[in-house]
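A quick write-up on the structure given underneath.
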Amino acid sequence: MVQLLSVVLLYLQIGRRGQTHPKMKLSSTVMKIDEGEIIEEHVSALKGDDGNKDLTGDVTGWDCKAEQRTREESERLRLQELPVLTGATRINNTCFIPGPLPSIVVDSNEMKKSRVTKAVKVEVNNKNARWWLTNTGISAPFFCVSLFAILVRMGVSLHPYSGAGDPPKYGDFEAQRHWMEITTNLPVNEWYQNTTKNDLSYWGLDYPPLTAYQSYVHGLVLKFFHPESVLLYTSRGHESYFGKLLMRWTVLTSDILIFFPAILWLIVVFADQSKGDKRNIAWHVAMIVVNPCLILIDHGHFQYNCISLGLTVGAVAAVLSDKDLVSSFLFSLALNHKQMSAYYAPAFFSYLLGKCLKRRNTLLEVSKLGMIVIGTFALVWWPYLHSRVAVLEVLSRLAPFERGLYEDYVANFWCTTSVLIKWKRLFTTQSLKLFCLFMTVCSCLPSMILQIRAPSTRTFLYGLLNSSLSFYLFSFQVHEKSILLPLLPASILAMEEPFVFQWFTQFALLSMFPLLCRDKLLLPYIALYGIFILIYYAPNGKPDTPKARFWSRMTLFFVGFLLFLSFVLHIVYLTINPPKKYPFLFEAIIMLLCFSQFVFVAVYTNWKQWFLSMKPGIGREKKQV
Numbered sequence: 031m032v033q034l035l036s037v038v039l040l041y042l043q044i045g046r047r048g049q050t051h052p053k054m055k056l057s058s059t060v061m062k063i064d065e066g067e068i069i070e071e072h073v074s075a076l077k078g079d080d081g082n083k084d085l086t087g088d089v090t091g092w093d094c095k096a097e098q099r100t101r102e103e104s105e106r107l108r109l110q111e112l113p114v115l116t117g118a119t120r121i122n123n124t125c126f127i128p129g130p131l132p133s134i135v136v137d138s139n140e141m142k143k144s145r146v147t148k149a150v151k152v153e154v155n156n157k158n159a160r161w162w163l164t165n166t167g168i169s170a171p172f173f174c175v176s177l178f179a180i181l182v183r184m185g186v187s188l189h190p191y192s193g194a195g196d197p198p199k200y201g202d203f204e205a206q207r208h209w210m211e212i213t214t215n216l217p218v219n220e221w222y223q224n225t226t227k228n229d230l231s232y233w234g235l236d237y238p239p240l241t242a243y244q245s246y247v248h249g250l251v252l253k254f255f256h257p258e259s260v261l262l263y264t265s266r267g268h269e270s271y272f273g274k275l276l277m278r279w280t281v282l283t284s285d286i287l288i289f290f291p292a293i294l295w296l297i298v299v300f301a302d303q304s305k306g307d308k309r310n311i312a313w314h315v316a317m318i319v320v321n322p323c324l325i326l327i328d329h330g331h332f333q334y335n336c337i338s339l340g341l342t343v344g345a346v347a348a349v350l351s352d353k354d355l356v357s358s359f360l361f362s363l364a365l366n367h368k369q370m371s372a373y374y375a376p377a378f379f380s381y382l383l384g385k386c387l388k389r390r391n392t393l394l395e396v397s398k399l400g401m402i403v404i405g406t407f408a409l410v411w412w413p414y415l416h417s418r419v420a421v422l423e424v425l426s427r428l429a430p431f432e433r434g435l436y437e438d439y440v441a442n443f444w445c446t447t448s449v450l451i452k453w454k455r456l457f458t459t460q461s462l463k464l465f466c467l468f469m470t471v472c473s474c475l476p477s478m479i480l481q482i483r484a485p486s487t488r489t490f491l492y493g494l495l496n497s498s499l500s501f502y503l504f505s506f507q508v509h510e511k512s513i514l515l516p517l518l519p520a521s522i523l524a525m526e527e528p529f530v531f532q533w534f535t536q537f538a539l540l541s542m543f544p545l546l547c548r549d550k551l552l553l554p555y556i557a558l559y560g561i562f563i564l565i566y567y568a569p570n571g572k573p574d575t576p577k578a579r580f581w582s583r584m585t586l587f588f589v590g591f592l593l594f595l596s597f598v599l600h601i602v603y604l605t606i607n608p609p610k611k612y613p614f615l616f617e618a619i620i621m622l623l624c625f626s627q628f629v630f631v632a633v634y635t636n637w638k639q640w641f642l643s644m645k646p647g648i649g650r651e652k653k654q655v
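First residue of the sequence shown? That's 31 in our numbering, and the numbers climb one at a time after it.
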């Protein structure tokens, strides 16, 4: 968020080209360009008073007129990249700028053979935020796609939500509204306590404190515009039109303020690091911000996943930008917003640890990361750190083991195998917790070991997907909506793995189909499914996948058969009543199909991470300072 704000401020502060910075200090400087190396004797000559603002790219009015009209086009283009001062003279193929201003000596013959232009251009471009928005071609596609994504979200918000008109407990919409009611009417130390004013059996807070603070801020908005919607006791089940409208707007503004800026940062980092064609940027942005699963859950079913996922995206962008401390801070915030963000914890932990082990002073690097994490947690949990009892009260709400091994029909290992093995009947809750822990750790351990041994940003993205899939498939108390967590890194990898991404997305949608039907969101489900397919297969949209041409006929037949089976299951679920003896037969079939495809994705991405980590040069660098 701070970087994005600096982009806007810098864009407004920097004048048009041709204006001279009023606070510029000028001193005699000699810059010698030789074989692509730049040697500056007085760096402060090209900086502002604060010594931080690099004005190299904007010191204009310094025109070497003798060089502007030279017949040698390549030399002229190269000289334009350098700050050339008025009054330059030419002596034997050398451009010399005398006087109290910085002096620059350029050998024209040597400069043709050197790569100084690239060096200067890259240095200026990386430090100039305005350059990113105006010259990379990112701003226009991002804002156009984002505007479309916002309109789609608004359209979905017009449809029903979880528990609409279904007393006594309604659904997730009422849970979020009730948390705003509690946080705006009770002191902070009572938010997680079971009291006469806060009945925890009626949608008690079961997320970390950052969610409670978010509910408090949103509750203040509702209290200001529509006090009846958050009155203590009397507002339970409140469903007025204006109240629902305000609730929908809180989700939309959370998307705009947190999720979208994080995506912009991520795309800018990708564009900076990409050495190839950037024509697929708009497609990549669309695949992330118009993801049908996230939109249907947050703006249809009603939740605030965009906040924790946005913080996670920011943490990923920080990792790719080599800002490990910022990454630790943002991911700690994500953990303190929703505990399900722990799905990504093994990937972040193993990558950052592996990177620290590559440094010369490992203990110092680990200590810095640890201080950031501890400090962030202490800041968020500060109101509850006064007593051990208060901390335990919050923690007990974050691990609701009494809910059982899984909820509804979720496409993970435990629910799928329960068709044959009745886990809940055969084992105690304590035993099941140990089973889940063992299976989850074993499934994500290979990915973690690879990252610790050979950390790299590329394999880190696969590690995120593998870690989150491991938690989804094997952890305790998983819900259908939890598929959003592995779907996020799959979306980030869409440019590299377009088929895996769209395959995973289609079956993630199918896995949530029964839930969305219960919420009466069939129409937006069909519409978003169609939009996703149209965007994915848009002409000149997704990256080329030459490997697809070599698929065997058997593979193509198998893919086509699964897609046809998915379509048939949609029709059957909507039109045919299941047998009375097996009322959840169709949900079980959908679950089995989706689970098989999630396992396929997990096996492939784990293999891909292993394959990439075995490549020469991946994570094999020597210890650094």
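From the three backbone atoms N, C-alpha and C, an ideal C-beta is built for every residue, glycine too.
All values reported here derive from a predicted model rather than from experimental measurement.
Annotation for HIS314: ILE297, PHE300, ALA524 and MET525 place their beta carbon closer than 8 angstroms to its own, counting only its chain and skipping 5 residues before and after. Close CB contacts of VAL175 within its chain, under the 8 angstroms cut and outside five residues either way in sequence, are with ALA312, VAL315, ALA316, VAL319 and VAL320 (chain order). According to DSSP, TYR436 shares a beta bridge with VAL508. Proximity to HIS268 across PRO238, MET210 and LEU216 peaks at MET210, based on C-alpha coordinates. Between the stretch 622-634 and the stretch 493-500, the count of C-beta pairs closer than 8 angstroms reaches three or more; the two stretches touch.
Assignment of ARG266 by DSSP, reduced to helix, strand and coil, places it in the coil class.
Secondary structure at ARG390: coil, using DSSP grouped into helix, strand and coil.
In summary, THR535 is buried, with 16 or more beta-carbon neighbours lying within 10 Å of its beta-carbon over all protein chains present. The continuous alpha helix (DSSP H) containing PRO528 extends over residues 528-548. Nearest Cα to PRO519 within the set PRO430, MET621, VAL598 and TYR373: TYR373.
Classified as buried, MET542 has 16 or more neighbouring CB atoms from the shown chains inside 10 Å of its CB.
Here the alpha carbon of TYR555 sits roughly 14 angstroms from the alpha carbon of LYS511.
Counting C-beta pairs closer than 8 angstroms gives three or more between the stretch 331-340 and the stretch 283-296, which meets the contact rule. No Cβ-Cβ contact shorter than 8 angstroms links THR264 with ALA242.
Taking the Cα positions, SER596 is about 28 angstroms away from THR470. For THR605, the number of other beta carbons within 10 angstroms of its own is below 16, and it is reported as exposed. THR489 sits close to SER643, with the two beta carbons spaced by under 8 angstroms. With fewer than 16 other Cβ atoms from the protein chains shown falling within 10 Å of its own Cβ, PRO217 counts as exposed. The C-beta distance from TRP233 to LYS199 rounds to 7 angstroms, short enough to meet the 8 angstroms contact threshold.
With three or more CB-CB distances shorter than 8 angstroms, the stretch 181-193 counts as touching the stretch 545-554. Under the 10 Å beta carbon count, HIS416 is surrounded by fewer than 16 other beta carbons and is classified as exposed. Here MET621 is buried: its Cβ has 16 or more other Cβ atoms, across all protein chains shown, within 10 Å. Secondary structure remark: continuous alpha helix (DSSP H) runs of at least 4 residues inside the stretch 240-321, in chain order: 271-284, 290-303 and 311-319.
Annotation for ASP352: no alpha helix (DSSP H) segment contains it, and DSSP assigns it neither H nor E. Contact between THR342 and ALA364 holds: CB atoms are separated by about 5 angstroms, below the 8 angstroms threshold.
The C-alpha of GLU204 is placed about 38 angstroms away from the C-alpha of GLU527. VAL186 is the residue among PHE361, ALA429 and VAL186 whose C-alpha sits nearest the C-alpha of ARG278. With respect to ASN219, ALA420 sits close: the two C-beta atoms are nearer than 8 angstroms. Within the same chain, and ignoring the five residues on either side of CYS474 in sequence, the residues whose Cβ sits closer than 6 angstroms to its Cβ are PRO376, SER497 and SER500.
Looking at TYR271, GLN206 and THR392, the one whose alpha-carbon comes closest to that of GLY249 is GLN206. Put simply, the backbone Cα of TYR436 is about 8 angstroms away from that of TRP444. Counting other Cβ atoms within 10 Å of its Cβ, ILE513 reaches 16 or more and is therefore classed as buried. Annotation for TYR603: the continuous alpha helix (DSSP H) segment containing it runs 583-605. Apart from sequence neighbours up to five positions away, the residues of its chain that approach VAL410 with a beta-carbon distance below 6 angstroms are PRO239, LEU240 and ASN366, ordered along the chain. Relative to the Cα of LEU593, the nearest Cα in the group ILE563, LEU350 and LEU276 belongs to ILE563.
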